[in-house]
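Single-structure report; data block below.
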Amino acid sequence: MAGTSVHHNLLLPQPQEHHHHTKGITSIEQQCISLLKNCKNIQEFKQFHCLILKLGLEYSSLCTGNLLSTCALSSWGSMDYACLIFQQIDGPDSFEFNTMIRGYIKDMNLDEAIMLYNQMLEMEIHPNNFTYPSILKGCAYLHRLEEGMQFHGHVFKYGVEDDVYVQNSLINMYGKCGKITQSCFVFEKMDEFDRNLATWSSIIAAHASDQMWSECLSLFQELTSQNCWRAEERVLVSVLSSCTNLGALDLGRSTHGFLIRNLSGLNVIVETSLLDMYLKCGSLVNALTILKRMKVKNQWSYSVMISGLAFHGYGTEALRVFSEMLEKGFEPDEVVYVGVLTACSQTGLLEKGLDFFKKMTADHKIKPTIQHYGCLVDLMSKAGKVKEAFDLIDNMPMEANDALWYSLLDACRVHQDLELGEQVAEKLLNLNSQTPNPYVILSNMYAKAKKWENVALTRREMGQKGLMKTPGFSIIQVKRKAYKFVSNDIMWAHCKELSDMLYQMEWQLKFEGYSPDTSEVLLDVDEDEKRERLSRHSQKLAIAFGLINTAQGSLIRIVRNMRMCKDCHNYTKYISFIFERRIIVRDRNRFHHFEDGNCSCKDYW
DNA sequence: AAGGCTCGCT
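Take the first sequence: its position 531, counting from 1, is numbered 535 in our numbering, and each next residue is one higher.
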């Protein structure tokens, strides 16, 4: 038994007659401390503690502090026992209080930590620069802004506002509580030379989580321009997240290169961020390479993989990854289930999706959030069950948001359910009357049903509110430069090269059997005019530009602000076949991979 | 005796 040999060791220092004092601790105390720190579990620790008490050792406050910290901060979760020790201490000092607070924060027990903090003040023991970082960390984690602000006040009261650890913790706390302005305020007030990597990491992460991605990247540039910079995984994770959200594949690639050059190995969090970046920026090939090289995967890696595959239209593969995750013994959380349900809705697996929803609540005891209901509504709507989706929203335990209604409204449009569409549009306008989107979708539905009076009426109502339709556009990247094409933009009509290319494309398309599908042109004009308009959709212009300006056989990437129309989808399939190009289009919901005349969405989107 | 990182419905 491990205990026996340790007892033996503990008794060893006894024969020493003269006590060596080092830094105020006797050598026997020092030995006790080191033995205590090597304890593997609470039982072992208790045994030692009893033994020390039996030996009748008088220990100094430093020793008590160490005893406490060993217990309170151990990984074997023994705050109860630490409490017992703490209560026996006659007049605990700030060191001991800080240790206990840190122990509670480690267990995410902010309320107990705050109680102890108040007790500290009552006993007129001043908190110090070691008190605030830990307690602010607790506020950050649990998004407790009110308490965090209170501590910010105390930081001044107890004169530790210039401590860099305290300042970093404040930046982090405000960032996590969504108060980016306050984070910046603390950051700006800091001495430039005091700022360290944790400072930068906190402020950069704060911007990333507040969706200020471009600002996040400029801060990172500011950091790299300083000489003190060194490779830091933690910072780069936030940078990668910003690249992901901006769809900045090039910058993401550079960051990946930087990581490879500067670090010998990558941890699982960085690898997961890279995985997410490549997936969301549309490079499935790079994502799969990362995945193959990953030695360690955690729940988040699977989560990213599942939603990423779903985003690319590989629903079945996403579900296969999910079952692998379960086999490996990872407990699915609510986020993973959002990915799983998305995979089902993107692929049209209605029954499976409903099954997963049941499993989630019954087997895994996860309370569905509005996001889960969102997926479910999308799942049913896309499968044509619009009435059922409407009933589901009515019977949900929470209020519906606009995302949910939009999902249903778009399905009403696709499945031409005018009556329900009108109801849904009204719901949306009740939520926010100053948005053009419900009017636009509704008028498009009227147009498709050839109810031109209603079209005019809807458009007029929209105009009276001063609302404008957001124009559809497509962005194509050529040699690291972005070119934006807006539908029916006449600016490009003067470009001979482009109109020649469009003419050539059209000619070859017709030869291969393509005929324009004018059913989604939503104006009361004749067939020729419809065809004319169709041919000037932004995606077609962007593709023509891409065919002219990129090397033969190379990949074409397009990002759009809207869902593509049926005809553009069909047209792009033909182009991928005729010009032997892979074309990847990201619309507002997902990726479409066009290759050899087919699309990864299998025409379900 | 202390502080910093990644995933989710239109």
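Glycine included, C-beta positions come from ideal geometry on N, C-alpha and C.
Tell me the DSSP secondary structure of residue i in three-state form.
i, result
"C75", "helix"
"D607", "coil"
"S229", "coil"
"E196", "coil"
"K488", "strand"
"N602", "strand"
"Q154", "helix"
"R590", "strand"
"V339", "helix"
"I445", "helix"
"R595", "The sequence given here has Phe at residue 595, not Arg. Correct three-state label for F595: strand."
"R464", "helix"
"F581", "helix"
"E403", "coil"
"G425", "helix"
"E531", "helix"
"E48", "helix"
"T554", "coil"
"L55", "helix"
Do residue j and residue i come within 8 Å of each other at the CB atom, strictly closer than that value?
i, j, result
"L353", "G319", "yes"
"C603", "K577", "yes"
"S138", "I184", "no"
"V589", "Q556", "no"
"K301", "T248", "no"
"M104", "A86", "yes"
"Y136", "S173", "yes"
"S478", "I562", "yes"
"H260", "L278", "yes"
"Y443", "E465", "yes"
"F263", "V272", "The residue you asked about is not Phe; residue 263 is Leu in the sequence shown. No, Cβ-Cβ distance for L263 and V272 is not below 8 Å."
"S349", "G343", "no"
Quick one: measure Cβ to Cβ for residue i and residue j, integer angstroms, because I've assumed they're closer than 8 Å.
i, j, result
"A393", "L413", "Rounded, the Cβ-Cβ distance is 11 Å, inconsistent with contact."
"S447", "A415", "With 8 Å as the limit, S447 and A415 do not qualify as a contact, their Cβ atoms being about 17 Å apart."
"W456", "D528", "5 Å"
"I56", "S82", "Actually they do not touch by this definition, with Cβ atoms about 16 Å apart."
"S242", "I294", "So it is not a contact: roughly 18 Å between Cβ atoms."
"M177", "G152", "5 Å"
"T52", "L39", "The residue asked about is misnamed: residue 52 is Phe in this sequence, not Thr. Correct: roughly 6 Å between the Cβ atoms."
"L424", "V390", "6 Å"
Taking residue i as the reference, which of the options has the closest Cα?
i, options, result
"L502", "G550, E465, Q512", "G550"
"S437", "A415, D406, L461, L424", "D406"
"H376", "M402, T185, T228, Y341", "Y341"
"M194", "V289, E219, L471, D167", "D167"
"N236", "D530, L267, A86", "The amino acid at residue 236 is misidentified as Asn; the sequence shows Glu. It is L267 whose Cα lies nearest to the Cα of E236."
"K161", "L114, N133, T203", "N133"
"H541", "C572, M112, N176, V482", "C572"
"I494", "L545, N458, F155, M216", "L545"
"Y306", "V325, I370, P520", "V325"
"M472", "T462, C188, A210, S478", "T462"
"G179", "N271, I582, L250, L149", "L149"
"V428", "A451, D398, E338, S245", "D398"
"E100", "A76, K483, D115, I118", "A76"
"G286", "N70, K606, R592", "R592"
"H316", "K534, Q51, K44, I587", "I587"
Just reading off the beta strand (DSSP E) that residue i is part of, what are its end residues?
i, result
"S478", "477-482"
"V563", "560-564"
What is the residue span of the alpha helix (DSSP H) that residue i lies within?
i, result
"I494", "That residue, I494, is in no alpha helix (DSSP H); it is neither H nor E in DSSP."
"F315", "303-315"
"M384", "374-386"
"W502", "In the sequence as displayed, the identity of residue 502 is Leu instead of Trp. 500-515 is the extent of the alpha helix (DSSP H) around L502."
"L261", "The sequence shown places Gly at residue 261, not Leu. Here the alpha helix (DSSP H) through G261 covers 253-266."
"Y108", "98-110"
"D167", "From DSSP, D167 is part of no alpha helix (DSSP H); its letter is neither H nor E."
"S206", "201-213"
"R324", "319-331"
"I397", "390-398"
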